Amino acid sequence: MPQSATRSGRTALTERDLRQALGRRTILVTGGAGFIGSAVCRLLRDTTDCRIVNLDKLSYASSPAALAAVAGDPRYQFEQIDLCDRTALAGVFQRRRPDAVIHLAAESHVDRSIDGPQAFVMSNVVGTFNLLEASRAHMGSLPEAARANFRLVHVSTDEVYGSLGDEGRFDEHSRYDPRSPYSATKAASDHLAAAWRHTFGVPTLITNCGNNYGPYQFPEKFIPTLIIRALKGQELPIYGGGANVRDWIHVEDHARALLGVLAFGTVGDKYLIGAEEQRRNLDIAEIICDLVDRTVPRNQPSRTLMKHVADRPGHDHRYAIDSSKVRAEIGWRPSCSLAEGLESTVRWYIDHKDWWEDIFRSGRYGGERLGLQATGARGS
Ligand SMILES: NC(=O)c1ccc[n+]([C@@H]2O[C@H](COP(=O)([O-])OP(=O)(O)OC[C@H]3O[C@@H](n4cnc5c(N)ncnc54)[C@H](O)[C@@H]3O)[C@@H](O)[C@H]2O)c1
Numbered sequence: 117m118p119q120s121a122t123r124s125g126r127t128a129l130t131e132r133d134l135r136q137a138l139g140r141r142t143i144l145v146t147g148g149a150g151f152i153g154s155a156v157c158r159l160l161r162d163t164t165d166c167r168i169v170n171l172d173k174l175s176y177a178s179s180p181a182a183l184a185a186v187a188g189d190p191r192y193q194f195e196q197i198d199l200c201d202r203t204a205l206a207g208v209f210q211r212r213r214p215d216a217v218i219h220l221a222a223e224s225h226v227d228r229s230i231d232g233p234q235a236f237v238m239s240n241v242v243g244t245f246n247l248l249e250a251s252r253a254h255m256g257s258l259p260e261a262a263r264a265n266f267r268l269v270h271v272s273t274d275e276v277y278g279s280l281g282d283e284g285r286f287d288e289h290s291r292y293d294p295r296s297p298y299s300a301t302k303a304a305s306d307h308l309a310a311a312w313r314h315t316f317g318v319p320t321l322i323t324n325c326g327n328n329y330g331p332y333q334f335p336e337k338f339i340p341t342l343i344i345r346a347l348k349g350q351e352l353p354i355y356g357g358g359a360n361v362r363d364w365i366h367v368e369d370h371a372r373a374l375l376g377v378l379a380f381g382t383v384g385d386k387y388l389i390g391a392e393e394q395r396r397n398l399d400i401a402e403i404i405c406d407l408v409d410r411t412v413p414r415n416q417p418s419r420t421l422m423k424h425v426a427d428r429p430g431h432d433h434r435y436a437i438d439s440s441k442v443r444a445e446i447g448w449r450p451s452c453s454l455a456e457g458l459e460s461t462v463r464w465y466i467d468h469k470d471w472w473e474d475i476f477r478s479g480r481y482g483g484e485r486l487g488l489q490a491t492g493a494r495g496s
């Protein structure tokens, strides 16, 4: 438990708790150039004395700009490595001698997993396998005390639990039932992390989180797509009827929860992380339209740009998370409401037009609809 919870009776996870508990550990963050990983690197830099090793292959989804604030810090190092390269991965462990790993590297976009599942199997399953094996070998080389303190936090998604009906929430006991190639590869990686703990004693902890939003999220994802297209006055695609429900969390709240689980979580346990902000996609689109209109007044309300388009194949109906365990055991709480978080996120995309325009200009993503590949079509 965080010190502040035991001493004061409060159950809040504070920055002081994190700084004290994590000390000067060397933390290997995989996928640290991605949306959530870069938020983790920034948080580690800003609130702890840890050394940060960011391991990332730099894919289309990476954003070096998201690391500008940490890149020059003497406590920060970058390793451009693909998790599928076992030799290079072993070299990172030998050079950097990490005390802990936060594993975020993955292919992350469901629509892309429909168009090309192979990349997801490679990075999410084979990559996680390689990381677990490298961690196991590394632990074998550590003195006893360091080995006892080593931790690996495996970062996963609520999508591994499949789709809810109109009632109920996922919790740590929910049955795995992945439906998309993305969630199937994440489920496989969760099972590998759990098996390496049981069989080989690699001290893994697993987190499953809902849909993240916030600064530096790649424009292919739902919320940036809406903001950017509304700002450009372009049609706003709503998959199917728009009734699909997601449980939204600000990326910085997720990053803080991950450090909390690393510092105070129980090895072998899993933690579901959610901010209790379940909304229909249609409702999110309306909120964003209104926020954009309030900030950048226009003749025609952005809501008139909303258009229902063909649904995602196998689109999960509803996700909702019961996060009582991470709140009770780690003392974590979200720091902002969805309304506050969306307002600051819309403001961020307005203020960082150069960042997303550069992604389109460079051809990393053209704004096209992904993931409509029909059954029996080409494959990866
Ligand atoms: N975005 C969400 O809403 C969300 C929700 C819950 C869990 N997650 C999980 O959090 C993690 C991070 O998600 P994100 O949204 O930041 O993803 P992202 O796509 O923005 O970033 C992923 C990063 O991982 C790197 N990467 C991918 N494959 C790699 C490989 N083989 N070797 C080295 N680096 C590789 C990419 O280059 C990229 O920088 C993922 O594991 C994802 O499943 C995401």
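Offset between the sequence shown (1-based) and our numbering: plus 116. For every residue, glycine included, the Cβ atom is placed at its ideal position computed from N, Cα and C. All values derive from a computational prediction rather than experimental measurement.
Taking 8 Å as the cut-off, one finds at least one heavy atom of ligand 1 near enough to the beta carbon of H225. Separation of the CB atoms of Y435 and F338 is rounded to 13 Å, and the pair is thereby denied contact status at 8 Å.
By the beta-carbon neighbour count (other beta carbons within 10 angstroms, threshold 16), N415 is exposed. Bridge pairing for Q333: absent [DSSP]. The alpha-carbon of R191 is positioned some 19 Å away from that of R372. Taken through DSSP and simplified to helix, strand or coil, V186 comes out as helix. The beta-carbon distance between G487 and D227, rounded to whole angstroms, is 3 Å. This is short enough to meet the 8 Å contact definition. By the neighbour-count criterion, in which 16 or more other beta carbons inside 10 Å mark a residue as buried, V383 falls on the exposed side.
Going by DSSP, P297 is part of the alpha helix (DSSP H) stretching over P297 to F316. Taking the Cα positions, D432 is about 28 Å away from S460.
Contact check for Y292 against V269 fails: the beta carbons are separated by 9 Å or more. Near ligand 1, residues with a Cβ at less than 5 Å from any of the ligand's heavy atoms are G147, A149, G150, F151, I152, D172, K173, S175, A177, S178, D198, L199, L220, A221, A222, S224, S239, G243, V271, T273, C325, N327 and N328; the list follows chain order.
In the three-state reduction of the DSSP assignment, Q489 falls in the coil class, being assigned neither a helical nor a strand state. Your pair R135 and D165 checks out as a contact, with CB atoms roughly 6 Å apart and the cut at 8 Å. Segment contact: the segment 450-469 against the segment 358-372, three or more CB-CB distances shorter than 8 Å; contact assigned.
Taking C-beta atoms as the reference points, K302 and A222 count as a pair closer than 9 Å. Per the coordinates, the alpha-carbon of A182 lies some 9 Å from the alpha-carbon of C157.
Taken through DSSP and simplified to helix, strand or coil, K386 comes out as strand. The three-state secondary structure of L220, taken from DSSP, is coil. In the DSSP assignment, N170 falls outside any alpha helix (DSSP H) and lies within the beta strand (DSSP E) extending over R167 to D172.
Taking C-beta atoms as the reference points, V462 and V408 count as a pair closer than 9 Å. Along the segment 210-294, the beta strand (DSSP E) occurs as fully enclosed runs of 3 or more residues at 216-219 and 267-273, listed in sequence order. The straight-line gap separating the alpha-carbon atoms of F476 and I343 is approximately 15 Å.
Under the three-state reduction of DSSP, C325 is assigned to strand. In this structure, DSSP gives I197 a state outside helix and strand, which the three-state scheme calls coil. In this structure, DSSP gives L129 a state outside helix and strand, which the three-state scheme calls coil. At least 9 Å separates the beta-carbon of A309 from that of L138. For W448, no alpha helix (DSSP H) segment is defined, and its DSSP state is neither H nor E.
Rounded to whole angstroms, the gap between the alpha carbons of E402 and G349 is 14 Å. Distances from the CA of S279 to each of V271, S272, P294 and F266 were compared; the closest alpha carbon is that of P294.
C-alpha of S305 to C-alpha of C200: approximately 14 Å in a straight line.
Short of 7 Å from the beta carbon of G482, and not among the five residues preceding or following it, lie these beta carbons of its own chain, in chain order: F476.
Within the same chain, Cβ atoms closer than 8 Å to the Cβ of S296 are found at V226, S229, I230, E275, G430 and D432, the five residues on either side in sequence being excluded. Taking 9 Å as the cut-off, the beta carbon of T146 is found closer than this to the beta carbon of L171. Annotated three-state conformation of R141 is coil, per DSSP.
The beta carbon of T323 is closer than 6 Å to those of V271, V377, Y387 and I389 in its chain, skipping five residues each way along the sequence.
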